[in-house]
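Remember, the working numbering sits 189 above the position in the sequence shown when you count from 1. Just so it is clear, CB atoms sit at the ideal spot from N, CA and C, and this is done for glycine as well. The structure presented is a predicted model; accordingly, all values stated were derived computationally and were not measured. A short write-up of the structure that comes next.
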Amino acid sequence: MRADKAVTLAALVALSTACGGAPTSAQQHHAPAPPLAGKVVAIDPGHNGGNASHPEVINKLVDIITQRKPCNTTGTQTRAGYTEHAFTWDVARRLTPILEKMGAKVVLTRPDDKGVGPCITERAATANKAEADAVVSVHADGAGADGHGFHVILPGLVQGHNDAIVDPSRRLGLAVRDAYREGTGLPYATYIGKEGLDTRTDLGGLNLSTRPAVFVECGNMGNAGDAAKLSDPAFRERIAASLAAGVGKYLGGR
190 MRADKAVTLA ALVALSTACG GAPTSAQQHH APAPPLAGKV VAIDPGHNGG
240 NASHPEVINK LVDIITQRKP CNTTGTQTRA GYTEHAFTWD VARRLTPILE
290 KMGAKVVLTR PDDKGVGPCI TERAATANKA EADAVVSVHA DGAGADGHGF
340 HVILPGLVQG HNDAIVDPSR RLGLAVRDAY REGTGLPYAT YIGKEGLDTR
390 TDLGGLNLST RPAVFVECGN MGNAGDAAKL SDPAFRERIA ASLAAGVGKY
440 LGGR
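This is how it looks when you write it as structure tokens:
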């Protein structure tokens with residue numbers, strides 16, 4: 190990691206735990222506007238803690254334009270039992286205050302890790318209604334044990350539905366990919382995509398979005414090495430800081 194990038198990411202990590210006193214009047218007068226002031230960021234923590242107990246809800250089929258899919262799923266987990274829904278919620282919980290201290294308004298698609306759903310259609314609608322400037326859906330993969338690394342999923346073109354967001358979503362995805370690799374040290378996925386990117390038209394959160402949106406598969410829970418990192422709270426703090434850096438790079442460069 191280059192020294193200048195390391196300082197930037199370290200500063201973002203520090204934002205989530207900083208507890209300094211109120212600024213003086215002189216500081217208030219001279220303080221520049223936060224870099225993401227006026228921006229809205231939607232964070233979509235994948236799955237939910239109550240999904241497994243309510244198959245009658247999450248198995249209901251919903252229309253995502255290209256097909257009908259279950260409302261939601263239970264997600265995956267590590268071999269030791271650390272669940273994807275708990276992972277995504279913890280990352281979202283760490284990411285939110287970092288983005289807020291950068292000046293952004295953060296909208297979450299679920300309020301905790303105890304509920305059921307919401308359906309993928311509702312999650313997309315939440316970000317759309319908020320007129321989010323960027324949407325990041327946080328996930329962890331459940332691929333074979335031999336595959337490792339992370340990847341960012343971009344929306345493929347669904348003609349007449351998401352045409353306007355394909356290009357900005359790619360720019361968002363590239364910014365997040367680069368910051369994530371720099372900040373976490375994880376390699377691009379060895380088992381899917383190309384150079385850490387994959388494009389899909391079978392995900393409701395991307396098909397139904399009217400805002401720039403990406404999915405981030407933060408690592409492979411099926412791989413022992415990735416699972417150990419994703420299960421580590423300190424590493425999840427690095428993940429949150431890296432995602433914030435990527436969102437900041439995208440929104441700052443628009």
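- About 7 Å separates the beta carbons of residue 254 and residue 397, which is inside the 8 Å limit, making them a contact pair.
- With respect to the 9 Å criterion, residue 267 and residue 416 are classified as neighbours on the basis of their beta carbons.
- The residue from 375, 404, 231, 242 with its alpha-carbon nearest to that of residue 315 is 231.
- Under the three-state reduction of DSSP output, residue 267 falls in the coil class, being neither helix nor strand.
- The Cβ atoms of residue 324 and residue 437 lie no closer than 9 Å to each other.
- Excluding the 5 residues flanking it on each side, residue 379 has same chain C-beta neighbours closer than 7 Å at 336, 337, 338, in chain order.
- Distance check between residue 399 and each of 356, 434, 388, 441 places 356 closest, using alpha-carbon atoms only.
- Around residue 272, the same chain offers 266 as residues with beta carbons nearer than 6 Å, after the five sequence neighbours per side are excluded.
- If you draw a straight line from the Cα of residue 299 to the Cα of residue 310, it comes to about 13 Å.
- Look at residue 380 here: in three-state DSSP terms it is coil, with no helix or strand label.
- Nearest Cα to residue 312 within the set 260, 373, 352, 423: 260.
- Shown here, residue 234 sits in a strand according to DSSP, grouped into three states.
- Annotation: the region 275 to 363 contains the following complete segments of the beta strand (DSSP E) (minimum length 3 residues), in chain order: 294 to 297, 323 to 330, 340 to 344.
- For residue 440, the uninterrupted alpha helix (DSSP H) run begins and ends at 422 to 441, by DSSP.
- Residue state for residue 408 is assigned as strand, using DSSP reduced to three classes.
- Nearest C-alpha to residue 304 among 327, 366, 263: 263.
- In the DSSP assignment, the residues bridged to residue 259 are 250.
- For residue 227, same chain residues with a beta-carbon under 6 Å away, outside a window of 5 residues either side, do not exist.
- Assignment of residue 415 by DSSP, reduced to helix, strand and coil, places it in the helix class.
- For a cut-off of 8 Å, the C-beta gap from residue 296 to residue 405 is around 17 Å, too long to register as a contact.
- Rounded to whole angstroms, the gap between the alpha carbons of residue 238 and residue 374 is 29 Å.
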